[in-house]
Amino acid sequence: MKKLEKLRENVQQIDRDIIRMIGKRIELTRAIGKVKKNAGLPLLNYQVEKAVIENARAVADDFQLSPDFIKSVMQLLIGESRTQQEHLHYSGYCGDKEIILIIGGLGEMGRWLANFFENQGHEVLIYDICKAASEFQVAATLAEGLQRASCAVISASLDVVPEIIDQIVALNFKGLIFDIASIKSHLIEPIERAKQKGALITSIHPMFGPGTRTLSDKAVCFCDCGNARALERSKDFFRETAVRSVDLALESHDKAISYILGLSHIINIIFMDVLSKSGLRYSDLKEIASTTFLSQMITATSVINENPDLYFLIQKYNPFNKEIYEQMKDAMTATIDSIIHNRRDIFARSMLESKEWLSEPENQERSSD
Numbered sequence: 087m088k089k090l091e092k093l094r095e096n097v098q099q100i101d102r103d104i105i106r107m108i109g110k111r112i113e114l115t116r117a118i119g120k121v122k123k124n125a126g127l128p129l130l131n132y133q134v135e136k137a138v139i140e141n142a143r144a145v146a147d148d149f150q151l152s153p154d155f156i157k158s159v160m161q162l163l164i165g166e167s168r169t170q171q172e173h174l175h176y177s178g179y180c181g182d183k184e185i186i187l188i189i190g191g192l193g194e195m196g197r198w199l200a201n202f203f204e205n206q207g208h209e210v211l212i213y214d215i216c217k218a219a220s221e222f223q224v225a226a227t228l229a230e231g232l233q234r235a236s237c238a239v240i241s242a243s244l245d246v247v248p249e250i251i252d253q254i255v256a257l258n259f260k261g262l263i264f265d266i267a268s269i270k271s272h273l274i275e276p277i278e279r280a281k282q283k284g285a286l287i288t289s290i291h292p293m294f295g296p297g298t299r300t301l302s303d304k305a306v307c308f309c310d311c312g313n314a315r316a317l318e319r320s321k322d323f324f325r326e327t328a329v330r331s332v333d334l335a336l337e338s339h340d341k342a343i344s345y346i347l348g349l350s351h352i353i354n355i356i357f358m359d360v361l362s363k364s365g366l367r368y369s370d371l372k373e374i375a376s377t378t379f380l381s382q383m384i385t386a387t388s389v390i391n392e393n394p395d396l397y398f399l400i401q402k403y404n405p406f407n408k409e410i411y412e413q414m415k416d417a418m419t420a421t422i423d424s425i426i427h428n429r430r431d432i433f434a435r436s437m438l439e440s441k442e443w444l445s446e447p448e449n450q451e452r453s454s455d
């Protein structure tokens with residue numbers, strides 16, 4: 087037993103040495119981040135990250151370690167380095183300090199925005215119909231908040247955003263207005279009414295949730311509503327961050343989102359519904375689960391744990407929902423029929439066509455941006 091205890095002590099010492107070296111690595115990557123920022127270089131450099139991983143895999147062979155295991159370790163280190171560099175050097179704001187009223191600021195995404203804007207040096211106010219304690223200043227009424235604010239951000243339920251836009255305009259607010267709604271079609275008319283009354287209004291869609299720690303590899307859609315000044319001011323909040331900015335026409339936003347959110351959400355909801363009604367326990371399935379099943383469960387579980395009201399409204403207000411549902415039915419019917427009628431060729435063709443779609447040159451270019 088003494089030999090075992092000695093070996094364990096040696097392992098603990100090595101663990102301490104590993105952690106110490108990780109700390110040194112992170113300290114160096116922080117310095118690299120500062121140099122990159124001062125030189126005007128982007129946070130992400132996929133060529134460098136690829137070279138780091140390839141070098142680590144080669145070193146793994148030298149020490150008779152699994153290259154895939156070492157790759158996974160390096161990916162964790164790279165991810166933490168990104169986060170550290172972003173928080174220190176890529177989360178700034180170069181414009182004038184704003185007083186930002188977040189309408190719906192007690193919701194999860196509202197809280198995320200409040201912390202984000204405060205970290206940039208802005209003054210944050212909250213207005214929410216739900217009355218609860220907040221670490222930020224709370225306006226008793228919408229009018230009170232707007233009187234103090236230079237910018238109003240709407241982070242409210244999809245079904246009340248049009249009404250909120252109308253209320254803000256009716257109160258003659260002269261500052262910047264933008265929403266973060268996941269669906270935009272039902273906002274076109276109120277936004278147009280606001281523009282006609284001279285409102286400085288635009289619309290954005292952060293493509294991430296309130297659990298986000300880092301904006302690297304994240305995107306924000308900026309929807310052009312016909313007011314260039316409002317659009318550019320909304321972009322200013324993210325210009326010095328690591329986020330990827332995507333320009334979309336307000337009218338074309340929902341077509342893409344119907345697949346990105348609408349389709350992906352409902353497929354995972356249906357997947358979990360089938361499992362929950364199967365009569366089997368998840369603990370039993372997990373014992374014999376395949377890699378594919380576990381990967382799917384990670385995604386499906388994240389969907390199921392989200393706000394059901396929000397996900398229902400994304401489906402409800404999606405103007406392309408019937409089109410998506412018909413495509414789902416057609417694809418499911420065709421796939422099932424190919425199996426029932428022993429048409430291996432049709433089944434295989436479907437998989438091959440999907441594989442070819444993923445391999446199209448433009449898809450490859452986008453995946454390496």
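Numbering of the sequence shown is given in this note's numbering, commencing with residue 87 and proceeding in unit increments.
Don't be surprised by glycine CBs; every beta carbon is placed ideally from N, CA and C.
Buried or exposed (CB count within 10 angstroms, at least 16 for buried), residue i
i           : result
residue 379 : exposed
residue 331 : exposed
residue 107 : exposed
residue 259 : buried
residue 394 : exposed
residue 423 : exposed
residue 184 : buried
residue 430 : exposed
residue 367 : exposed
residue 228 : buried
residue 381 : exposed
residue 207 : exposed
residue 238 : buried
residue 213 : buried
residue 451 : The predicted model places residue 451 with a pLDDT of 47, which falls under 50 and marks its position as unreliable, so this point remains unresolved.
residue 40  : No answer is possible for residue 40: it lies beyond the span of the chain, which begins at 87 and ends at 455.
Residue i vs residue j beta-carbon contact at 8 Å
i           : j           : result
residue 406 : residue 364 : no
residue 400 : residue 351 : yes
residue 203 : residue 189 : no
residue 130 : residue 328 : yes
residue 296 : residue 276 : no
residue 217 : residue 255 : no
residue 355 : residue 389 : yes
residue 170 : residue 116 : yes
residue 266 : residue 290 : yes
residue 146 : residue 156 : yes
residue 197 : residue 302 : no
residue 286 : residue 262 : yes
residue 503 : residue 357 : With the chain covering 87 to 455 only, the question about residue 503 has no answer from this structure.
residue 403 : residue 244 : yes
residue 421 : residue 436 : yes
Continuous alpha helix (DSSP H) stretch holding residue i: start and end
i           : result
residue 302 : Segment: none, residue 302 is in no alpha helix (DSSP H) and carries neither H nor E.
residue 114 : 88-124
residue 162 : 153-175
residue 136 : 132-148
residue 274 : 274-282
residue 182 : Counting along the chain, residue 182 falls outside any alpha helix (DSSP H), and DSSP gives it neither H nor E.
residue 196 : 194-205
residue 319 : 314-325
residue 444 : 430-445
Among the options, the one whose alpha carbon lies nearest that of residue i
i           : options               : result
residue 121 : 175, 277, 136 and 229 : 175
residue 460 : 169, 182 and 163      : The first residue shown for the chain is 87 and the last is 455, placing residue 460 beyond what the model contains.
residue 342 : 433, 245, 271 and 227 : 271
residue 312 : 168, 288 and 305      : 288
residue 346 : 100, 263, 277 and 269 : 269
residue 412 : 349, 137, 164 and 354 : 349
residue 274 : 310, 424, 239 and 384 : 310
residue 179 : 417, 336 and 209      : 209
residue 336 : 387, 397, 264 and 152 : 264
residue 242 : 205, 220, 191 and 278 : 191
residue 222 : 232, 228 and 211      : 211
residue 109 : 136, 126, 164 and 215 : 164
residue 414 : 148, 353, 438 and 123 : 353
residue 172 : 142, 205 and 88       : 205
residue 194 : 392, 410, 151 and 426 : 392
residue 359 : 445, 376, 383 and 370 : 383
residue 316 : 304, 440, 294 and 281 : 281
residue 141 : 150, 127, 160 and 126 : 160
residue 126 : 151, 326 and 87       : 326
Continuous beta strand (DSSP E) stretch holding residue i: start and end
i           : result
residue 332 : 330-335
residue 292 : 286-292
residue 187 : 185-189
Residue i CB to nearest heavy atom of the ligand FMN below 7 Å
i           : result
residue 118 : As presented, the structure is devoid of all ligands, the ligand FMN included, so that no description of it is given.
Residue i at chain C interface by Cβ criterion, 8 Å
i           : result
residue 407 : The structure shown has no chain C; it contains just one protein chain.
request  = Return the chain-ordered ranges of every beta strand (DSSP E) run that is complete within the stretch 214-267 and spans a minimum of 3 residues.
outcome  = 237-240 and 262-265
Every unbroken alpha helix (DSSP H) within the stretch 341-424, with a cutoff of 4 residues, ordered by chain = Taken in chain order, the complete alpha helix (DSSP H) segments of 4 residues or longer contained in the stretch 341-424 are 350-362, 368-373, 377-390 and 394-403.
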